[in-house]
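J.: Protein chains in written order, with our numbering: chain Z, 1 to 71; chain F, 72 to 289; chain W, 290 to 1071.
Before I ask anything, here is the structure I am working with.
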Amino acid sequence: MGMLPEYRPDQGEWLCGRCRLPLTQEKVPVFYLNSAFDVILPRCPQCGFTLVPKFLAQGKMLEVESLLEEK
Amino acid sequence: MKPLWEQELFQAIASESLHPGGRAVTYEGLQWLRAHQLLPCGQRAVDFGCGRGATLALLKQFGCEIIGLDRTPQRACSVTDIPLICADLAHLPLHSGCIDLGVCECVLSVLSDPTAGLLEIARVLAPCGLCLVNDLSGEASGQCAKASCLHGAKALEQWQKLFQTTGFRLLHTQDHSAALRKLAAQLLWYGDKASFGSDFCGLLWQKFGYHLWLLQKE
Amino acid sequence: MLDQESLRRYETQCTQDSPPQCRINCPFSLDCRAFLTNMACGKLADARTILERHIPLPHIMALICDHPCEQACLRRDLGGPIALHHLEFSCLAQTTSSERLLPIPPKRHKMAVVGAGLAALTAAWDLSRKSYPVTLFVDGQIIDILLSKFPRLEKARIWLEEDVKVLLRKVCVEQKAVTREGISVLARDFAGVFLDACTYPDLAPAEEEVDASTWHWRDNICVAGWPTLSPTGNSYNLPSRQAGQGREAGLSMERVAGKLSLTAERKKHYGNLHTDCTQVQIARRLEPQTTQWGCALYSQEEASQEAGRCLQCQCLICVKNCPYLQKYKGYPKVYARQIHNNATIVKGLHTANKLINGCALCDQCSRLCPEHFSMAELCLAAREEMVDRGQMPPSAHEFALEDMEQAQSPESFLTWPEPNPGARPPHWLFFPGCQLSAVRGEQVLALFAWLERKLSCSDQPGLALVLACCGQPAHWAGQRKLFEEQLARIRDVWQKYGQPTILTACASCLAALREGLADLPVRSVWELVDSLELSDLPKAERSDLPRTFSVHDPCAARSDKEWQKAIRSLAQKLGYTLIEPKRTAETTSCCGYGGLVWCAQPETAKSLVADRIAQLPGEVLASCVMCRDRFVAQDKACWHILDLLLPQLAMAGNQRGPGLAQRRYQRIQLKARILGQTIRAEGEEIELASDLAEALEEKHILRSDIISALEQIEAKTLWCLNKTNNHRVGAWRPRKVTFWVEYSRTGRGFLVHDAWCHRMLVPGAGGEDAETVITREQSSSS
């Protein structure tokens, strides 16, 4: 599948609060209104906690949400 | 700039069918025909613009005798062992009245003369023959580039008029605009607008819909 | 139901594209507006093209037409009708024809035209231009015959010759005096025959004997062109009438020859175009300084000036008064079709969704429109239909509906004192509404206390209180069922209290209850207050309270004369003066709260406020707290009627109302106060970074959302740590939105640095187990 979008957090080391393990970049499916999209996000390898950076939430996510809702 | 349907990312997202909604949309149309006793087994069907053959496989499942037709010779057609014709829709190398069912998916809007195409289809269809068309609906404003598939979109009333004037009766319309939106959302998510160029036109896709029509030759 | 029939009904109500009076009265339906626009800009060649398109024998008509258009012109009482006749003449005199008629293969039906009166020549002109082979039977020279009927043409002989020359290019002439038998012969030999009554008065029947809508006499013969008889018996030739009849007769001849119905689909019926002339200044008609051939001739500047006087008659009365209607650059008839198409043909067309959800449902348009077109009716029906079909986008009204839900939830909903079946039931039930309770809790309590005291010594004592929402937000969102659920709760409360009279403080509540609970007795609390003795209201001196206000009526009270009267009476009794703005009472404007526009399209709502406050001089008195707060938010000082009644508790006219989160908090606070409880102090303090508050308000993220999210994130350890700055970043998804919070622990509690949200569901973010989410979503979509 084409270029999978990937988002990294700000500089520095990020740890999962529960597991105390560093977050790694992993492929995650995200869902909205019966559509699914893949993206690479920082994720805890043990419990699955996934970080959604502000840039993604207010950027591509918002665009796609608007498109699918067509408000 | 290659047309949208030839770009790798589009092909990857739109899968084998190369039109919004994929097999599911075609299936719904064929299923309606079958439910209304209009599609018995053994019908001779042609997929105009068969591409990779996803619809051909589906037609086979519905018990049709299938022929594939496309303007460009396909290197990778998934269905083997069937006649594949390389021809232009405006000049079909088929006898008049020899086909029972024509399928035309997301093709009319990229033709320079959709009227000629439909007239040819009408010609090769047997009396009361059927045609399944799906395509883009909506008004194409001046921003879309000439070669983009959005350029050939028409308002619903214009499509209906076109079908009428080329000798078809409209049996049924289905709205699959949600499928178009989903496809657009995928393109928006995975691509960047620069790579798609004028075809994508950003969120211009919101102004369009996608419909399926079932037609019968008058 | 938005079906074809209701669409037609809506479309006929809007007369914006009906033709103006000049065009209706012109026998050739000349597009006078377009002609005058071109003349006003000095585009004489384009103006000429318009004339040549509509008018037969244009030079002759320019010389002698009696211009019925001018008699109908709306300018006639505003300085004099536009001098269309002079302008047409001037246009033709100063340009040459550039008309190129394309050669078309001639039609089969041969037409005969007998006579050379104006009617005959017009019929011949029209038919020949449509490529019918026309033979004109004249006895003598056409020019001489015309001159005998219209001697004025002598001075402009070259023009007369010009038109005749053009006519003869396409028409054959036979010199022949036609007799009665001759006519029957022609009727046999030709597909259609026209007999000019002016040339052959003895052969033609009387005008009364011929059908005036078709000029058809008998067989395939049409007759027209009689001279007109004045009341004193003077016979004269009226050009517009004769030429107009000739045109109609030509059309009839086409139909007769083609064996079509003479009358079907012939006359289009238009509603009367309403043009508002109340704002128009009188401008005197300009008479030209020069003449040519005895006809007035304008110079280009004079022509431009005179043509510029044209009102360009349009209706647009509603559009001119509503920024929402202006936004889409159309008018109601067009919008009705767009909305209808949205619902029935192409579902979910982007533009029409915005149109449907951008209306404040305030109904101002129907009061201004002479035909009472109601966008509110149309848009509300469209919204209900969208909801029924599952096409209303979730985010359009969600925020407002959640707010309504909160007002109805146990933390805010209150009936007080509890209904006691043993005691005497109260006569009255005070229902301040969800917004007033959220914004002016103290004043609500004070009013309640005062009213209860006053009523206790009346013959209708007993006042109870209900804090709830009437459901109007659900109504506006098109959610009929949800609306009825809220109303049912009110009915329930009303029953429990023994069916008292409900007193509302909010005009929207009043409208909602009258619409949905029509059998319940409901009044505005202001009417009741106005009927009581006011001298014992607590007084207070406030230097910032003005003595004079512009009064702004809430849009929901536009039909409620009692409400309007009560507010004005109260203000006057309390010693204040009110100024009526131009749009007041029945025609008042909406502040943007109505129809949930503030929620679905904040920009449109803001433009409604900007438009309204420009019409209100000085400080404003409102009787709806939403109007008040919205005006103040855009820097217009505004007070509420409660501020006049209870000045010691008044909110200053420039003090901004509470934000959305604070409103919810204050509803809870009001209930708690009434029940004698105090709000428990939060265990740990949550502080927001200073620049954050406003940014969040714009994205509709509430402080309470952040607080709940933070509580859950900490309780369930749903955060990750940025080791560089020790910030925690976590997420919580209560319903359909995932809230992210970036924060640090402080000595006193927490400091929130940033927050964002998204609606997309991300497994592993928000509290639910990632695997569960993935499995569920993937199985439901397959």
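The beta carbon of each residue, even a glycine, is placed where N, CA and C say it ideally should be.
Round the Cβ separation of Trp815 (chain W) and Ile930 (chain W) to the nearest angstrom and send it over; I've been treating them as touching at under 8 Å.
T.: Along the third sequence, one-based indexing puts residue 815 (chain W) at 526. Along the third sequence, one-based indexing puts residue 930 (chain W) at 641. Going by Cβ atoms, the distance from Trp815 (chain W) to Ile930 (chain W) rounds to 7 Å, so yes, they are a contact pair.
J.: Which partner residues of Phe720 (chain W) appear in the DSSP bridge assignment?
T.: Translated into the one-based positions of the third sequence, residue 720 (chain W) becomes position 431. Partner(s): W:Thr793.
J.: Check the Cβ-Cβ distances between Ile957 (chain W) and every residue of chain Z, and say whether any is below 8 Å.
T.: To locate residue 957 (chain W), count along the third sequence from 1; it is residue 668. Cβ-Cβ to chain Z under 8 Å: no for Ile957 (chain W).
J.: Going by DSSP in three states, Arg337 (chain W) sits in which element: helix, strand or coil?
T.: Working through the third sequence from its first residue, we reach residue 337 (chain W) at position 48. Of the three classes helix, strand and coil, the one that applies to Arg337 (chain W) here is helix, per DSSP.
J.: Please report whether the beta-carbon of Gln64 (chain Z) lies at a distance below 8 Å from any beta-carbon of chain F.
T.: In the first sequence, residue 64 (chain Z) corresponds to position 64, counting from 1. One point to set straight first is that residue 64 (chain Z) is Val, not Gln, in the sequence displayed. Judged by the 8 Å Cβ criterion, Val64 (chain Z) is in contact with chain F.
J.: Using a Cβ-Cβ cut-off of 6 Å (strictly less than) and excluding sequence neighbours within five positions of Leu959 (chain W), which residues of its own chain qualify?
T.: Translated into the one-based positions of the third sequence, residue 959 (chain W) becomes position 670. Excluding residues within five positions, the ones whose Cβ falls inside 6 Å are Ser726, Gly730.
J.: Kindly indicate which three-state DSSP category Gln11 (chain Z) falls into: helix, strand or coil?
T.: Reading the first sequence from its first residue, position 11 is the one you call residue 11 (chain Z). In the structure shown, Gln11 (chain Z) sits in coil (DSSP, three-state: anything other than H, G, I, E or B).
J.: Val676 (chain W) bridges to which residues according to DSSP?
T.: Taking the first residue of the third sequence as position 1, residue 676 (chain W) is located at position 387. The partner list for Val676 (chain W) (beta bridge, DSSP) is empty, contrary to what the question assumes.
J.: Just to confirm, is the Cβ distance from Gly120 (chain F) to Gln245 (chain F) under 8 Å?
T.: Translated into positions along the second sequence, residue 120 (chain F) becomes position 49. Translated into positions along the second sequence, residue 245 (chain F) becomes position 174. Their beta carbons are not under 8 Å apart, which means Gly120 (chain F) does not touch Gln245 (chain F) by this criterion.
J.: Please report how far the alpha carbon of His243 (chain F) lies from the alpha carbon of Leu286 (chain F), in whole angstroms.
T.: By 1-based counting over the second sequence, the position of residue 243 (chain F) is 172. By 1-based counting over the second sequence, the position of residue 286 (chain F) is 215. The straight-line gap from Cα to Cα measures roughly 7 Å.
J.: Can you find the residues in the same chain that come closer than 8 Å, C-beta to C-beta, to Ser420 (chain W), ignoring five residues on each side of it along the sequence?
T.: Start at 1 with the first residue of the third sequence, and residue 420 (chain W) comes out as number 131. Taken in chain order, the residues that qualify are Ile393, Pro394, Pro395, Lys396.
J.: Could you check if Lys438 (chain W) is buried or exposed, using at least 16 other CB atoms within 10 Å of its CB as the buried criterion?
T.: Position 149 of the third sequence, counting from 1, holds the residue named residue 438 (chain W). Buried: at least 16 other Cβ atoms inside 10 Å.
J.: Starting from the beta carbon of His1042 (chain W), find every residue of chain Z whose beta carbon is closer than 9 Å, and list them in chain order.
T.: In the third sequence, the residue the question calls residue 1042 (chain W) occupies position 753. None at all; the shortest Cβ gap to chain Z is about 11 Å.
J.: Along chain Z, which residues have their Cβ under 8 Å away from the Cβ of Gln257 (chain F)?
T.: By one-based count along the second sequence, residue 257 (chain F) stands at place 186. Result: Ser35, Phe37.
J.: Inspect the beta-carbon positions of Ala193 (chain F) and Phe239 (chain F) and report whether they are closer than 8 Å.
T.: The residue given as residue 193 (chain F) occupies position 122 in the second sequence. The residue given as residue 239 (chain F) occupies position 168 in the second sequence. Yes, the pair counts as a contact, with Cβ atoms nearer than the cut-off.
J.: Would the beta-carbon of Cys602 (chain W) fall within 8 Å of that of Thr564 (chain W)?
T.: Reading the third sequence from its first residue, position 313 is the one you call residue 602 (chain W). Reading the third sequence from its first residue, position 275 is the one you call residue 564 (chain W). For Cys602 (chain W) and Thr564 (chain W), yes; Cβs fall inside 8 Å.
J.: Listing by chain order, which chain W residues have their CB less than 9 Å from the CB of Arg73 (chain Z)?
T.: Because chain Z is modelled from 1 through 71, residue 73 (chain Z) falls outside the range shown and cannot be assessed.
J.: Need the endpoints of the beta strand (DSSP E) that Gln25 (chain Z) sits in, please.
T.: Position 25 of the first sequence, counted from the start, is the residue given in the question as residue 25 (chain Z). Gln25 (chain Z) -> beta strand (DSSP E) spans 24-32.
J.: Return no unless some Cβ of chain Z is closer than 8 Å to the Cβ of Trp1045 (chain W).
T.: Counted from its first residue, the third sequence places residue 1045 (chain W) at position 756. Taking Cβ atoms only, chain Z reaches closer than 8 Å to Trp1045 (chain W), which makes this a yes.
J.: Measuring alpha carbon to alpha carbon, tell me which residue in W:Asp994, W:Val1026, W:Ala1044, W:Glu1000 is nearest Ser979 (chain W).
T.: Here residue 979 (chain W) refers to the residue found at position 690 of the third sequence. Among W:Asp994, W:Val1026, W:Ala1044, W:Glu1000, the Cα nearest to that of Ser979 (chain W) is on W:Ala1044.
J.: Residues of chain Z with a CB under 7 Å from the CB of Met400 (chain W): which are they?
T.: Residue numbering aside, residue 400 (chain W) sits at position 111 when the third sequence is read from its first letter. Near Met400 (chain W) there are no residues of chain Z at all, since even the closest Cβ is about 57 Å away, more than 7 Å.
J.: Could you say if the region 652-661 of chain W and the region 324-337 of chain W meet the contact criterion of at least three C-beta pairs nearer than 8 Å?
T.: No, because fewer than three Cβ pairs between the region 652-661 of chain W and the region 324-337 of chain W fall closer than 8 Å, the two stretches do not touch.
J.: Which residues, taken in chain order from the region 15-29 of chain Z, show a beta carbon closer than 7 Å to some beta carbon of chain W?
T.: Within the region 15-29 of chain Z, the residues whose Cβ lies closer than 7 Å to some Cβ of chain W are Leu15, Cys16, Gly17, Arg18, Leu23, Val28, Pro29, listed in chain order.
J.: Looking at the C-beta of Thr1013 (chain W), does it have a partner C-beta in chain Z at a distance below 8 Å?
T.: Your numbering for residue 1013 (chain W) matches position 724 in the third sequence. Yes - at least one Cβ of chain Z is within 8 Å of the one on Thr1013 (chain W).
J.: Name, please, each residue of chain Z whose Cβ falls closer than 7 Å to the Cβ of Val1018 (chain W).
T.: As a position in the third sequence, residue 1018 (chain W) is number 729, starting the count at 1. The contacting residues are Leu51.
J.: When you compare each of W:Asp508, W:Gly404, W:Asp415 to Lys465 (chain W) by their alpha carbons, which one comes out closest?
T.: The count along the third sequence starts at 1 and reaches residue 465 (chain W) at position 176. With distances taken between Cα atoms, Lys465 (chain W) lies closest to W:Gly404.
J.: To the nearest angstrom, report how far apart Gln302 (chain W) and Thr580 (chain W) are at their CA atoms.
T.: Along the third sequence, one-based indexing puts residue 302 (chain W) at 13. Along the third sequence, one-based indexing puts residue 580 (chain W) at 291. Near 45 Å, if we compare the C-alpha coordinates of Thr580 (chain W) and Gln302 (chain W).
J.: Can you tell which of W:Leu442, W:Ala894, W:Thr424 has its C-alpha closest to the C-alpha of Leu456 (chain W)?
T.: Taking the third sequence and counting its residues from 1, the one referred to as residue 456 (chain W) is at position 167. Among W:Leu442, W:Ala894, W:Thr424, the Cα nearest to that of Leu456 (chain W) belongs to W:Thr424.
J.: Sorted by chain position, which residues of the same chain lie with C-beta nearer than 6 Å to Cys177 (chain F)'s C-beta, five sequence neighbours on each side aside?
T.: By one-based count along the second sequence, residue 177 (chain F) stands at place 106. Taken in chain order, the residues that qualify are His90, Asp206.
J.: With distances taken from CA atoms, which of W:Tyr613, W:Arg364, W:Leu985, W:Arg901 is nearest Leu650 (chain W)?
T.: By one-based count along the third sequence, residue 650 (chain W) stands at place 361. The residue with the shortest Cα to Cα distance from Leu650 (chain W) is W:Tyr613.
J.: Between the Cα of Ala249 (chain F) and the Cα atoms of W:Asp677, W:Pro682, W:Glu1060, W:Leu756, which residue gives the shortest distance?
T.: Residue numbering aside, residue 249 (chain F) sits at position 178 when the second sequence is read from its first letter. The shortest Cα separation from Ala249 (chain F) among W:Asp677, W:Pro682, W:Glu1060, W:Leu756 belongs to W:Pro682.
J.: Can you pull the chain W residues whose beta carbon is under 8 Å from the beta carbon of Gly59 (chain Z), in chain order?
T.: Residue 59 (chain Z) sits at position 59 when you count from the first residue of the first sequence. Near Gly59 (chain Z) there are no residues of chain W at all, since even the closest Cβ is about 10 Å away, more than 8 Å.
J.: Just list the residues that DSSP pairs Asp141 (chain F) with in beta bridges.
T.: Position 70 of the second sequence, counted from the first residue, corresponds to residue 141 (chain F). Paired residue(s): F:Cys157.
J.: Label Lys925 (chain W) either buried or exposed according to how many other C-beta atoms from any shown protein chain fall within 10 Å of its C-beta, with 16 as the threshold for buried.
T.: Translated into the one-based positions of the third sequence, residue 925 (chain W) becomes position 636. So Lys925 (chain W) counts as buried.
J.: With DSSP as the reference, please indicate the residues paired to Pro42 (chain Z) in a beta bridge.
T.: Indexing the first sequence from 1 puts residue 42 (chain Z) at position 42. Partner(s): Z:Gln25.
J.: Can we say the region 934-943 of chain W touches the region 891-907 of chain W, given the rule of at least three CB pairs closer than 8 Å?
T.: As far as the Cβ criterion goes, the region 934-943 of chain W does not touch the region 891-907 of chain W, which means the pair count is below three.
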